[in-house]
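Shown next, in structure tokens, is the structure this report addresses.
Protein chains: 2
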Amino acid sequence: MYYEAFVQMKKMLGQLDKWLDAAAAQAKTKSFDPNLFVGFRLAPDQFAFVRQVQVACDTAKLAASRLTGKDAPTHADTEQTLEELKARVAAVIGYLDALTAKDFEGAAARVVSMPRWEGKVMTGADYFQEHAQPNFFFHVSHAYAILRHNGVPLGKRDYLGAISLRAP
Amino acid sequence: MYYEAFVQMKKMLGQLDKWLDAAAAQAKTKSFDPNLFVGFRLAPDQFAFVRQVQVACDTAKLAASRLTGKDAPTHADTEQTLEELKARVAAVIGYLDALTAKDFEGAAARVVSMPRWEGKVMTGADYFQEHAQPNFFFHVSHAYAILRHNGVPLGKRDYLGAISLRAP
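Going down the list, the sequences are from chains A and B. Throughout the first sequence, residue numbering follows my numbering, covering 1 to 168 in sequence. Throughout the second sequence, residue numbering follows my numbering, covering 1001 to 1168 in sequence.
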């Protein structure tokens, strides 16, 4: 189910790419610089939009890398425009796209460590459920919320994207 | 892994309960009515805080019910205070607490339908990945974002809660 969860993350990043287009379109409609969005934030001590997008991308990318052992692309966190953010999102989608269900075999039993954990570790299963996935959705949702707060016309369908409805 | 995912949702609802306490404490510190929070929102056409909490609760509750076949408690959506929202969160945590891993056996193959889908259905697997889980995190994150936007001192640790770190 890790593979399926990352397929969903990839889908959410595809939706995020569409929100970036919607933000650019809204700026054009209202005649302001679309790249103003990168600095918007919901609280002075919360990440700005640019960082929400960067961290959403990194969370998906690094979680996939830690659970598969496949090296992820690196990014320098230098984006200043919506176009640059779109390129970053596309790079992570491309990375996730190359991973297969087989790559995630044994993910639950992997050992994950981070410098800030001071020598402690998490199992892949715990790391995914308790850390990676909640963080991914947190930053994606905050990116969405910052755009909505600043007038970009988005709705739940833009958030979820197309869902797999089928005949009964 | 459905069971583990709902254990995580239950944990997130427990964190949400703590954010409600933090909101009440912030109102006391700043000498305003804590129940003002229930009406706050990030955009005029987004759900207010009260509705974000209600929908987060309902998404977890109804998804668990649809994937297990176990009846969920009903709620009348009449909450007007933080205390009433805490009671609703507690009721859903109690419902989830009674579910076992065995209850989720066969969840992926269940058939889920909703009136708005006009006769179409989703498999339990698709419904969970593409609809229930993204929606749950969306509303939990928006509840958090509304509080942060309105000055409640919360950080990532309040969002994630304690994580299962262990000796290497």
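Glycine included, every Cβ here is placed at the ideal spot set by N, Cα and C. These figures come from a predicted structure and were not determined experimentally.
Secondary structure of Thr123(A) (DSSP, three-state): strand.
In the structure shown, Arg41(A) adopts coil according to DSSP, grouped into three states.
Between Leu67(A) and Tyr2(A), the C-beta spacing is below 7 Å. Chain order gives no chain A residues near Arg1051(B), where near means a beta carbon separation below 9 Å; the closest approach is about 13 Å. Taking 7 Å as the CB threshold, Glu1105(B) stays off the interface with chain A.
Within the stretch 75-101 of chain A, the complete alpha helix (DSSP H) segments at least 4 residues long are 82-97, listed from N- to C-terminus. Closest by C-alpha distance to Gln1015(B), out of Ala1098(B), Met1114(B) and Ala1056(B), is Ala1056(B). For Val1053(B), the enclosing alpha helix (DSSP H) stretches over residues Phe1049 to Thr1068. With fewer than 16 other Cβ atoms from the protein chains shown falling within 10 Å of its own Cβ, Phe32(A) counts as exposed. The alpha-carbon of Ile146(A) is positioned some 13 Å away from that of Asn35(A). Looking at Ala1090(B), Thr1059(B), Glu1083(B) and Phe1104(B), the one whose alpha-carbon comes closest to that of Phe1138(B) is Thr1059(B).
Linking Asp1045(B) to His149(A) through their CA atoms gives a straight-line distance of about 10 Å. At least one beta carbon of chain A lies nearer than 7 Å to the beta carbon of Leu1165(B). In this structure, Leu20(A) keeps its C-beta atom at 7 Å or more from the C-beta atom of Lys102(A).
Along the stretch 60-92 of chain A, there is no position whose C-beta sits under 9 Å from a C-beta of chain B. For Pro153(A), the closest alpha carbon among the candidates Pro73(A), Asp17(A) and Ala25(A) is that of Ala25(A).
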